[in-house]
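Novice:
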Amino acid sequence: ETHKETLGFQAEVKQLLDLMIHSLYSNKEIFLRELISNASDAIDRLRFDALSDASLYEHDTDFKIRVSFDKDARTITVADNGIGMNREEAVEHLGTIAKSGTREFFQALTGDQQKDANLIGQFGVGFYSSFVVADRVTVLTRHAGLKPGHGVRWESNGQGEYSIENIEKPSRGTEVILHLREDEDELLNGYRLRSIIRKYSDHITLPIVMKSEEKDKEDEWEVVNTASALWTRSRNEISEEEYNEFYKHISHDFSDPLAYTHSRMEGTQEYTLLLYVPSQAPFDLYTREVHHGVKLYVRRVFIMDDAEKLMPRYLRFIRGVIDSNDLPLNVSREILQQNRMIDAIRSNSTKKVLSLFTDMARNSPEKYATFWQEFGRVIKEGLLEDHNNRDTLAKLLRFATSTSGSETQNVSLEEYVGRMKEGQDKIYYIVADSYAAAKDSPLLEIFKKKGIEVLLLSDPVDHLALPELREFDGKQLQSVSKGEVDLSKLEDEQEKEEQQKSADEAKDLLERLKQVLGEEVKDVRTTNRLTTSPACLVVDEYGIDPSLKRLLQSAGQ
Ligand code: ADP
Ligand code: MG
4 ETHKETLGFQ
14 AEVKQLLDLM
24 IHSLYSNKEI
34 FLRELISNAS
44 DAIDRLRFDA
54 LSDASLYEHD
64 TDFKIRVSFD
74 KDARTITVAD
84 NGIGMNREEA
94 VEHLGTIAKS
104 GTREFFQALT
114 GDQQKDANLI
124 GQFGVGFYSS
134 FVVADRVTVL
144 TRHAGLKPGH
154 GVRWESNGQG
164 EYSIENIEKP
174 SRGTEVILHL
184 REDEDELLNG
194 YRLRSIIRKY
204 SDHITLPIVM
214 KSEEKDKEDE
224 WEVVNTASAL
234 WTRSRNEISE
244 EEYNEFYKHI
254 SHDFSDPLAY
264 THSRMEGTQE
274 YTLLLYVPSQ
284 APFDLYTREV
294 HHGVKLYVRR
304 VFIMDDAEKL
314 MPRYLRFIRG
324 VIDSNDLPLN
334 VSREILQQNR
344 MIDAIRSNST
354 KKVLSLFTDM
364 ARNSPEKYAT
374 FWQEFGRVIK
384 EGLLEDHNNR
394 DTLAKLLRFA
404 TSTSGSETQN
414 VSLEEYVGRM
424 KEGQDKIYYI
434 VADSYAAAKD
444 SPLLEIFKKK
454 GIEVLLLSDP
464 VDHLALPELR
474 EFDGKQLQSV
484 SKGEVDLSKL
494 EDEQEKEEQQ
504 KSADEAKDLL
514 ERLKQVLGEE
524 VKDVRTTNRL
534 TTSPACLVVD
544 EYGIDPSLKR
554 LLQSAGQ
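Read in order, the letters of the sequence shown are residues 4 to 560 in full-length UniProt numbering.
1. Do residue 375 and residue 401 have their beta-carbon atoms positioned less than 8 Å apart in this structure?
2. Within the stretch 337-400, note down every full alpha helix (DSSP H) run reaching 4 residues or more, in order along the chain.
3. Is residue 41 near the ligand MG - that is, is its Cβ less than 7 Å away from at least one heavy atom of it?
4. Distance check for residue 31 and residue 95, CA to CA, integer angstroms please.
5. Looking at the ligand ADP, does it come within less than 7 Å of residue 86, judged from the CB to the closest heavy atom?
6. Hey, residue 98 and residue 16: beta-carbon distance below 8 Å or not?
7. Would you say the beta carbon of residue 107 comes nearer than 7 Å to a heavy atom of the ligand ADP?
8. Quick one: does the C-beta of residue 95 sit closer than 7 Å to a heavy atom of the ligand MG?
9. Under the three-state reduction of DSSP, which class applies to residue 266: helix, strand or coil?
10. Would you kindly work out how many angstroms separate the C-alpha atoms of residue 46 and residue 396, rounded to a whole number?
11. On the criterion of 16 or more Cβ atoms from any shown chain inside 10 Å, does residue 465 qualify as buried, or is it exposed?
12. Taking Cβ to Cβ, would you say residue 450 is nearer than 8 Å to residue 438?
13. Please classify residue 419 as buried or exposed, where buried requires at least 16 neighbouring CB atoms within 10 angstroms.
14. Assuming residue 325 is part of the beta strand (DSSP E), what are its boundary residues?
15. Between the stretch 197-215 and the stretch 145-165, do three or more beta carbon pairs fall short of 8 Å?
16. From 166, 383 and 128, pick the residue whose C-alpha is nearest to that of residue 108; which is it?
17. For residue 70, report the span of its beta strand (DSSP E) as first-last.
18. Please determine whether the Cβ atom of residue 471 lies at a distance below 7 Å from any heavy atom of the ligand MG.
19. Considering Cα atoms alone, identify which of 58, 443, 463 and 20 is closest to residue 408.
20. Thinking just about the alpha-carbon of each residue, which of 370, 302, 223 and 130 is nearest to the one in residue 232?
21. In whole angstroms, what separates the C-alpha of residue 398 from that of residue 364?
22. Judging by CA-CA distance, which residue of 34, 383 and 433 is the nearest neighbour of residue 79?
23. In whole angstroms, what is the alpha-carbon distance linking residue 50 and residue 471?
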């Protein structure tokens, strides 16, 4: 098939293009970052695929990203000698959005330009950001290993359609040519483009080259960026800004990270890790598929993205790079599944990340509050998933409580234990469907009366996660809606006598109630846990919590 055809963009692409042109205008120079990032990804992919098929190199291993401009034609071109695309791939990658999380992204859009701009950033602006500065974009590309006649020319004005045809393209890889909009001439300037590249793309590990600005050297290409892998440099040589820009590059995030940890591990095996905590939870944190995530490199060669094996599931929001010196270069997904080195890397990296959190909690309480608000619910999944680190995780937990007076989760178990009443030997909690339901539960009456603090839990994960914790600092965790709550150590003799007396008086009533309710209940008994409400429902020690029961029912269990 060599003929030229005109095809329509997927509806979502049209919507995204409109949004981008309007909401990214104030930040328009990032188009260059996006195109360079794609070129860099394409070269990484070529190197990876060539590990198993060296013919893909086509005798050209001088990897480069070329940026050039033409004042007369009013174009900017970004060219790479990466993997390239065939016709089908061009249609699929440049005409549709195939990312996971696309549906969630469109559902999350609000119509508020500022908020949506943020979301677009999180989603990844990508190739389509070209249309912020260009009113026509031409892509010339050929997939590595195909004959020169299998080149592809893709072109669009970003108005809903694009054309595609086959062309001759001797060199493999991709050239993206931007035909600038009317008033974008300021971009046709070598110094301006260099400064954008240094600002956003300095950390790209491949050389980004531009034609020299010097007289008589106009035909020489010179390297614009530092072109060394950021994580291989030592910490004190890297500025905060460089760390931040690198984060934005690998995470496709618009905002600076909240925190990061960078270290070289030596010992039985050597590897470097540079891991970041985003400042905002991604909108698809709870949908199943995990993307971006932590990238695995072996001796600076990119191996794979979303290497799930490198981080436990509950840390799926962590972004960054792990570069091993010891893994084989041809490491495959299968090898990753059962490799002792990988297990060790994962377990150490997990510890590093957890100590980063611990450190934040201790030294930057404000950051930690943001962290907990964004990621607290996923951290609680760790109680179920990561038994080895349960004690560390327990210290990271934050709660709203019956005495903290607000919905904000900011009380740690250590604080709770520190202010336990004399004679109180358990940590009490209640799990309900909402904060309000937990706070106003009649089950708390007796605790309020006695001035005992109760943890108020209302995240869906709490139903399973909290019981899993069982104890903290030698004190058992006890749900107030389960079984007998024994507060007898906190009562004086007189209270006990009164309770006995009222229990005796109620005997006949209890018998009647049991008869009337019959099979509906397991037991009817008096309680000292209520002060103003006449009665409440509880489950026995091994029963299912009522709100968990509702959760399971709503999930069709
Ligand atoms: P992302 O980079 O997040 O996947 P983009 O919108 O930037 O999203 O790019 C979409 C897709 O187009 C890429 O995933 C890739 O498959 C393809 N693509 C874009 N630029 C290039 C390029 N220079 N070489 C090869 N493929 C590319
Ligand atoms: Mg991209």
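For every residue, glycine included, the Cβ atom is placed at its ideal position computed from N, Cα and C. Note that the structure is a prediction, hence the values are computed from the model and not measured.
Specialist: So, from the listed chains and residues:
1. In the sequence shown, the residue the question calls residue 401 occupies position 398. In the sequence shown, the residue the question calls residue 375 occupies position 372. Contact: yes.
2. 343-366, 368-388 and 393-399
3. The residue given as residue 41 occupies position 38 in the sequence shown. True, at least one ligand heavy atom lies under 7 Å from that Cβ.
4. Locating residue 95 in the sequence shown gives position 92, where the first residue counts as 1. Locating residue 31 in the sequence shown gives position 28, where the first residue counts as 1. If I take the Cα positions, the gap works out to 25 Å.
5. Reading the sequence shown from its first residue, position 83 is the one you call residue 86. The answer is yes for residue 86.
6. Taking the sequence shown and counting its residues from 1, the one referred to as residue 98 is at position 95. Taking the sequence shown and counting its residues from 1, the one referred to as residue 16 is at position 13. Cβ atoms of residue 98 and residue 16: closer than 8 Å.
7. Taking the sequence shown and counting its residues from 1, one reaches residue 107 at position 104. Residue 107 Cβ: outside cutoff for every heavy atom of the ligand ADP.
8. In the sequence shown, counting from the first residue as 1, residue 95 sits at position 92. Outside the cutoff, so no.
9. Here residue 266 refers to the residue found at position 263 when the sequence shown is read from its first residue. In the structure shown, residue 266 sits in a strand (DSSP, three-state: E or B).
10. In the sequence shown, counting from the first residue as 1, residue 46 sits at position 43. In the sequence shown, counting from the first residue as 1, residue 396 sits at position 393. Each residue's alpha carbon lies about 39 Å from the other.
11. Position 462 of the sequence shown, counted from the start, is the residue given in the question as residue 465. The residue is buried, with at least 16 neighbouring Cβ atoms inside 10 Å.
12. For the purposes of this step, residue 450 is taken as residue 447 along the sequence shown, with counting starting at 1. For the purposes of this step, residue 438 is taken as residue 435 along the sequence shown, with counting starting at 1. It is not a contact, given that the beta carbons lie outside the stated cut-off.
13. In the sequence shown, residue 419 corresponds to position 416, counting from 1. Answer is buried; the Cβ neighbour count reaches 16.
14. Residue 325 sits at position 322 when you count from the first residue of the sequence shown. Looking at the DSSP string, the run of the beta strand (DSSP E) that includes residue 325 is 322-327.
15. no
16. Mapped onto the sequence shown, residue 108 falls at position 105. The option with the nearest alpha carbon to residue 108 is 128.
17. Counting from one through the sequence shown, the residue named residue 70 turns up at place 67. Taken as a continuous stretch (DSSP letters only), the beta strand (DSSP E) holding residue 70 covers 68-73.
18. In the sequence shown, the residue the question calls residue 471 occupies position 468. No, since every heavy atom of the ligand MG falls outside the 7 Å radius drawn around the Cβ of residue 471.
19. As a first step, residue 408 must be located in the sequence shown, where it is residue number 405. Minimum Cα distance to residue 408 is reached at 443.
20. Stepping through the sequence shown from its first residue, residue 232 is reached at position 229. Looking at the Cα atoms, 302 is the closest of the given residues.
21. Position 395 of the sequence shown holds residue 398. Position 361 of the sequence shown holds residue 364. If I take the Cα positions, the gap works out to 9 Å.
22. Here residue 79 refers to the residue found at position 76 when the sequence shown is read from its first residue. Residue 34 is the option with its Cα nearest to residue 79.
23. What you label residue 50 is simply residue 47 of the sequence shown in a count that begins at 1. What you label residue 471 is simply residue 468 of the sequence shown in a count that begins at 1. Answer to the nearest angstrom: the Cα atoms are 45 Å apart.
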